[in-house]
Ligand SMILES: Cc1cc2nc3c(=O)[nH]c(=O)nc-3n(C[C@H](O)[C@H](O)[C@H](O)COP(=O)(O)OP(=O)(O)OC[C@H]3O[C@@H](n4cnc5c(N)ncnc54)[C@H](O)[C@@H]3O)c2cc1C
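Here it is in structure tokens:
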């Protein structure tokens, strides 16, 4: 176990573990959007940045 | 020499070495090549100097399958052939059009573009064309190509004087070759119909059928049936692999800068795929014709764009305020996959006034072509967006897999295949010199020898092949 973890209280470690899945969920809700990506909508062939 | 009837010609005692059937771009080019080489030639032309309803009636026929033009509308039967109303768009088939495509069966020619290149100088003189500029790559997928609008040379008008004065060429009008007779090795004669009646049999050492991209198949099918295979001994592919250039409006485009692509006199610019893109997407060749739209269409297009892409629409409206021309219609014409099932047959019930069965054309566009249309527009749209040259909208019927419209251009009036060139006698009718397989003295000129159609209009390539065949025949006859 690293020195850093040994110094943390058990409670702090638990809290960190609980927040982890929530963070990753949050990340997957905000995919990185490529503004140059080509999309086809209503017959138009567009760049994603055209859609704003 | 030009004669208005076979009767008048017969009295001259002229002794031709070769007989050419048909005086369209193919027949006339071959005749002029041979005449210039000092070889006496007769050209038998079914029609007269001018259009007539009676002559056109011989061209009536029926189409089974997809919607197509009436067969007596899509071609002309008088001196000069369909060059009397062609539009004059010119381009030679691309190098890649001659290559076999692994993803499309029965593609590939037995000759390459290099085989016709030596004749392009003559072709430019005949069709009165300036030099073509090289293709310009727009992306790895799309080329900006050039089609040149020639003054639409009317072969009958352009060469009437020259032919009239010629000592080596006799053009005999109102003389319909209803049937060729053959013994499986040689053509022995042509049965003629002139002035509404049987006019006997004509013989010559060599025969060249140049009666057009539908009629060549009809003439050979009928002749072969009558002579029990003596005219086309290997007839498995006869009449088959017939092709057109289907043509439809495919969508619209808004352009970032109209002057990006220099348009021609008709405000048009043309785009085609690279071989790599065709290979990757496994599609046929196609040509996108971009035509500047009139102002009201632009407003409608931007209103539609505003619902989908507000940012883009805002920019477009600004351009419009500046009165910039920035919208275009997109027409797509494409190469048909050569299919044996697309074929010319002889009608079992309907004959013309001379008793020759009329054409029954069996023609259907294939799923591969449908994919070529959609993927072609996507490819062009993607290039336009990626390069920020503009944005493309594909028409709904194409995106949604709807039926082909019947009120549009439909096709190019380009009749190709039926007597295609090749080495396999089961899949072709003529060899690389346009000589009918197994026959010693019988050749075919015109787009019926095309193995594949590429995406461009055929007459420039027809004329180049005719120059090549004329030169070849000149050498054969001189021996
Ligand atoms: C509306 C229209 C627009 C076109 N636009 C273009 C274009 O822009 N670019 C392009 O490249 N092509 C175009 N074409 C196609 C072009 O006209 C043809 O490719 C070209 O004319 C074919 O030349 P050909 O000599 O092979 O046949 P044809 O021009 O059809 O000539 C055949 C000749 O043979 C004669 N004939 C027929 N049967 C017999 C017989 N049994 N005995 C004796 N004579 C016979 C006919 O009367 C005719 O004179 C167009 C065609 C049409 C109809």
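Chains as they are written, first to last, in the working numbering: chain A, 1 to 52; chain B, 1001 to 1479.
All C-beta atoms in this analysis are idealised placements derived from N, C-alpha and C, irrespective of residue type, glycine included.
A quick note: this is a predicted structure, and the numbers were derived from the prediction, not measured.
Beta-carbon of residue i versus every beta-carbon of chain B: anything under 7 angstroms?
i	result
residue 11(A)	no
residue 54(A)	Here chain A covers residues 1 to 52 and nothing more, so residue 54(A) does not appear.
residue 1(A)	Any reading at residue 1(A) must be qualified, since the residue scores a pLDDT of 46, below 50, and its modelled position is unreliable; no value is offered.
residue 50(A)	yes
residue 38(A)	yes
residue 43(A)	yes
Tell me, please, which residues DSSP counts as bridged to residue i.
i	result
residue 1243(B)	1416(B)
residue 1289(B)	1270(B) and 1331(B)
residue 1210(B)	Answer by DSSP bridge pairing: none, since residue 1210(B) is not bridged.
residue 1144(B)	1136(B) and 1271(B)
residue 1393(B)	44(A) and 1252(B)
residue 1444(B)	1209(B)
residue 1062(B)	1360(B)
residue 1198(B)	1193(B)
residue 1526(B)	Outside the displayed span of chain B (1001 to 1479) sits residue 1526(B), for which this structure offers no information.
residue 1182(B)	1187(B)
residue 1479(B)	In DSSP, residue 1479(B) forms no bridge with anything.
residue 1345(B)	1360(B)
residue 1170(B)	1042(B)
residue 1003(B)	1172(B)
residue 1090(B)	1148(B)
residue 1101(B)	1104(B)
residue 1421(B)	1430(B)
residue 1020(B)	1043(B) and 1208(B)
residue 1435(B)	1443(B)
residue 1236(B)	Looking at the DSSP assignment, residue 1236(B) forms no beta bridge with any residue, so it has no partner.
What does a CB cutoff of less than 6 angstroms around residue i pick up in its chain, not counting 5 residues either side in sequence?
i	result
residue 1425(B)	1234 and 1437
residue 1104(B)	1337
residue 1074(B)	1413
residue 1180(B)	1187, 1190, 1223 and 1231
residue 1061(B)	1071, 1358 and 1359
residue 1135(B)	1143 and 1145
residue 1001(B)	1170
residue 1466(B)	1026, 1029, 1030 and 1445
Going along the chain, which residues of its own chain have a beta-carbon closer than 7 angstroms to the beta-carbon of residue i, five neighbours each way excluded?
i	result
residue 1183(B)	1230
residue 1471(B)	1033
residue 1211(B)	1021, 1022 and 1219
residue 1441(B)	1186, 1187, 1205, 1206 and 1207
residue 1371(B)	1283
residue 1354(B)	1176, 1178 and 1193
residue 1422(B)	1110, 1428 and 1451
residue 1463(B)	1025, 1029, 1123, 1126 and 1127
residue 1481(B)	This structure gives no information on residue 1481(B), because the portion of chain B shown stretches from 1001 to 1479.
residue 1086(B)	1152 and 1459
Nearest chain A C-beta to residue i closer than 7 angstroms, yes or no?
i	result
residue 1311(B)	yes
residue 1480(B)	Chain B is shown only over 1001 to 1479; residue 1480(B) falls outside these bounds and no answer can be derived.
residue 1381(B)	yes
residue 1141(B)	no
residue 1223(B)	no
residue 1005(B)	no
residue 1188(B)	no
residue 1372(B)	no
residue 1392(B)	yes
residue 1274(B)	no
residue 1308(B)	yes
residue 1293(B)	no
residue 1399(B)	yes
Take residue i and list the residues in its own chain whose beta-carbon comes closer than 8 angstroms to its own, dropping the five residues that flank it on each side.
i	result
residue 1407(B)	none
residue 1055(B)	1046, 1047, 1048, 1077 and 1078
residue 1312(B)	1254, 1305 and 1391
residue 1288(B)	1250, 1270, 1271, 1272, 1330, 1331, 1332, 1376, 1377 and 1380
- Can at least three beta-carbon pairs, one atom from the segment 37–48 of chain A and one from the segment 1378–1394 of chain B, be found at a separation below 8 angstroms? yes
- the segment 1095–1115 of chain B touching the segment 1168–1178 of chain B, judged by at least three CB pairs closer than 8 angstroms: no
- Query: Is it true that the segment 1038–1045 of chain B meets the segment 1004–1021 of chain B, where meeting means three or more beta-carbon pairs spaced less than 8 angstroms apart?
  - Reply: yes
- Message: Under 8 angstroms, with one C-beta from each stretch per pair, do the segment 1303–1312 of chain B and the segment 1338–1350 of chain B reach the 3-pair mark?
- Response: no
- On the three-pair Cβ rule with 8 angstroms, is the segment 1150–1166 of chain B touching the segment 1272–1285 of chain B? no
- Query: Pairing CB atoms from the segment 1257–1269 of chain B with CB atoms from the segment 1342–1351 of chain B, are three or more of them under 8 angstroms?
  - Reply: no
- Does the count of Cβ pairs from the segment 1113–1123 of chain B and the segment 1362–1369 of chain B closer than 8 angstroms reach three? no
- Message: Any contact between the segment 1243–1256 of chain B and the segment 1125–1136 of chain B? By contact I mean 3 or more CB pairs, one from each, below 8 angstroms.
- Response: no
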